[in-house]
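Position in the sequence shown (from 1) plus 9 gives the number in the working numbering. Contents: one structure, followed by commentary.
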Amino acid sequence: MAFDIFSRWLLRMGSVLLTSATLLGCASTTNSGAIGLQRSQLMLISSEAINAQAAKGFQQLTADAQSKKKLNTNPAMTQRVRRIGQDLIGQVGVFRPDARNWAWEINVFESEDINAFCAPGGKIGVYTGLINQLQLTDDEIAAVMGHEIAHALREHSREQASQKTISSLITSTVAAATGMPGELMDAGSQMLVHLPNSRAMELESDVIGLELMARAGYDPRHASSIWRKMQQIKGGQQGATFLSTHPAGDQRIAELDAYVPKVWPLYQAALASKGRKALAR
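Now the structure itself:
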């Protein structure tokens with residue numbers, strides 16, 4: 010009897026904590042933009058903590074690459090990536106004005122990895138393997154970098170950390186109350202909560218990046234071609250989407266192509282603006 014009372018108390022406390030955390034932590038880090046993004050985010054961890062950790066990690070990664078002579082080794086590629094990156098950074102105020110004042114950094118790392126990232130707070134890294142192996146155009150580089158910048162603008166790392174914090178609290182509470190193994194609870198949480206949220210965040214970043222590149226004057230019709238190239242390089246094998254943090258290539262291609270009409274007027278306006286500036290010189 011005493012155990013049953015204690016179990017019910019633990020469950021009630023878990024419910025109260027979840028409700029309180031949700032009420033206190035739900036917000037949106039960005040404006041909706043032309044794509045019409047509308048989603049609240051659970052934020053229980055401070056931006057300062059996440060950004061400081063990211064800055065430290067980026068500094069260590071940069072120092073390590075520099076010591077191995079793997080940092081910005083190709084001046085032309087570095088200049089190209091930084092030019093495109095600065096064009097995109099010039100548009101971040103549409104989604105969140107404070108991001109204009111972030112301490113942005115852009116480095117190119119010599120590596121065969123097909124990868125890029127934008128750490129919290131605006132620390133961007135692009136790997137040479139991404140550009141060389143996929144033979145990316147400027148538009149495609151803008152799509153990749155726009156996607157990664159979107160992760161930082163939406164503070165997805167902070168959101169995921171917050172989700173895992175509350176998930177751990179709930180699973181430990183329920184496990185203690187029911188006797189269910191904690192490992193099983195964690196596995197269920199990962200499959201039912203964290204992986205779907207990760208896939209949603211990836212698609213969210215795709216469309217925010219699409220708007221950023223369009224506003225910066227890069228053709229949004231070419232964003233989906235990255236995933237076609239990825240499918241080719243992987244031999245068309247996409248793997249099990251259900252157990253992946255990233256959506257399948259076909260899903261991303263369809264989503265990106267569907268949003269092009271929404272951002273097309275922004276791209277045309279950017280081209281017109283560039284044309285006026287060129288004539289004024």
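We treat Cβ as the ideally placed atom computed from N, Cα and C, and that holds for glycine.
Which residue comes first and which comes last in the alpha helix (DSSP H) that contains Ile-44? Unbroken run through Ile-44: none, as it is neither H nor E.
Report the rounded CA-to-CA distance for Glu-168 versus Val-269, giving the unit in angstroms. Answer to the nearest angstrom: the Cα atoms are 27 angstroms apart.
Give me the Cα-Cα distance between Arg-163 and Arg-105, rounded to the nearest whole angstrom. Distance between the alpha carbons of Arg-163 and Arg-105: 9 angstroms.
Measuring alpha carbon to alpha carbon, tell me which of Ser-233, Asp-96, Ala-223 ends up nearest Ala-267. Each of Ser-233, Asp-96, Ala-223 was checked against the Cα of Ala-267, and the nearest Cα belongs to Ser-233.
From the DSSP output, which residues share a beta bridge with Glu-114? DSSP lists Lys-132 as partners of Glu-114.
Using 10 angstroms around the beta-carbon of Ser-166, count the other beta-carbons present and answer buried if the total reaches 16, otherwise exposed. It is buried - the Cβ of Ser-166 has at least 16 other Cβ atoms within 10 Å.
According to DSSP, which residues form a beta bridge with Leu-80? According to DSSP, Leu-80 bridges with Phe-118.
Tell me the residue span of the alpha helix (DSSP H) that contains His-156. Element bounds for His-156: 147–163.
If distances are taken between C-alpha atoms only, which option among Lys-243, Arg-261, Asn-141 comes closest to Leu-219? Comparing Cα positions, the closest option is Arg-261.
Might you give, ordered along the chain, the residues of its own chain that have their beta carbon closer than 6 angstroms to the beta carbon of Gly-102, omitting 5 neighbours on each side? The residues are Arg-109.
Contact under 7 angstroms by Cβ, Gly-155 with Leu-221: Result yes, Cβ atoms of Gly-155 and Leu-221 sit closer than 7 angstroms.
Alpha carbon to alpha carbon, how far is Ala-161 from Thr-38? Give it in angstroms, no decimals. For Thr-38 and Ala-161, the distance between alpha carbons rounds to 10 angstroms.
Tell me, please, whether the segment 107–125 touches the segment 140–160 by the rule of three or more beta-carbon pairs shorter than 8 angstroms. Touching, per the Cβ criterion.
My output table needs one value for Phe-251: the three-state DSSP class, helix, strand or coil. The predicted position of Phe-251 is uncertain, since its pLDDT is 36 and thus under 50; no value can be drawn from it.
So Asp-122 and Ala-225 are in contact, right, with Cβ under 8 angstroms, and what is the actual spacing, rounded? At roughly 25 angstroms, the Cβ-Cβ gap does not stay under 8 angstroms, so Asp-122 and Ala-225 are not in contact.
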